[in-house]
Structures are given as structure tokens and as C-alpha cells.
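Q: The numbering of the sequence shown is UniProt numbering, which starts it at 1 and goes up by one.
We treat Cβ as the ideally placed atom computed from N, Cα and C, and that holds for glycine.
None of these values were measured; they are calculated from a predicted model.
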Amino acid sequence: MSGLAEVARYQSRIDADVARLFLIEEGIDAVLFDAEINSFYGGLFMPVRLMVFADELERALELLDGAAP
């Protein structure tokens, strides 16, 4: 396994969590960084970062791009 890579940034923790759960359903381990700080300040100062293992980054980006409305 390799280090973590940022897939996306979200102003809303809810949007970030939906994306995280989607990736998990597709078999990609994903975690949120800075979700607590974002919630405390209402997303004003710190976006929520969606992170995956670097070797799964390309697939995660493709999946999220295909899932966009």
C-alpha cells in the first residue's frame, strides 16, 4: 500500500460523506480529513478532504466523475 492522496474537497461534510460512502461501495477505502473542523466553522474556513490510497486515486477520480449529475 502507498500513502494517501486527496481525491476532492467539499464545503459540506454531507457531500463529502456521500462521496466517501460511494467509493466504499465500489471497493475503495476512503476517509475524510478535516471534517470536524469543517463542522465547527460551518465550512467557512476549512473544506473537508476526501482521501484514498494513492494507488486507487485514478479509479476513485473516474468513479466520482462518472457519478456527477
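To the nearest angstrom, how far is the alpha carbon of residue 59 from that of residue 19?
A: Here residue 59 corresponds to residue number 59 of the sequence shown, with the count starting at 1. Here residue 19 corresponds to residue number 19 of the sequence shown, with the count starting at 1. Cα to Cα, the separation comes out at about 13 angstroms.
Q: Looking at the unbroken alpha helix (DSSP H) that takes in residue 67, where does it start and where does it end?
A: Along the sequence shown, read from residue 1 onward, the residue named residue 67 stands at position 67. Run containing residue 67: 57-67, per the alpha helix (DSSP H) assignment.
Q: Tell whether a beta-carbon distance below 7 angstroms holds between residue 33 and residue 51.
A: The count along the sequence shown starts at 1 and reaches residue 33 at position 33. The count along the sequence shown starts at 1 and reaches residue 51 at position 51. Contact flag set, yes.
Q: Confirm, please, whether the CB-CB distance from residue 16 to residue 94 is below 7 angstroms.
A: Nothing can be reported for residue 94, as the shown portion of the chain is limited to 1 through 69.
Q: What number of angstroms, rounded off, separates the C-alpha of residue 26 from the C-alpha of residue 53?
A: Here the question's residue 26 lines up with position 26 in the sequence shown. Here the question's residue 53 lines up with position 53 in the sequence shown. Approximately 14 angstroms, taken between the alpha carbons.
Q: What separation, rounded to the nearest whole angstrom, lies between the Cα atoms of residue 67 and residue 10?
A: As a position in the sequence shown, residue 67 is number 67, starting the count at 1. As a position in the sequence shown, residue 10 is number 10, starting the count at 1. Cα-Cα distance, rounded: 15 angstroms.
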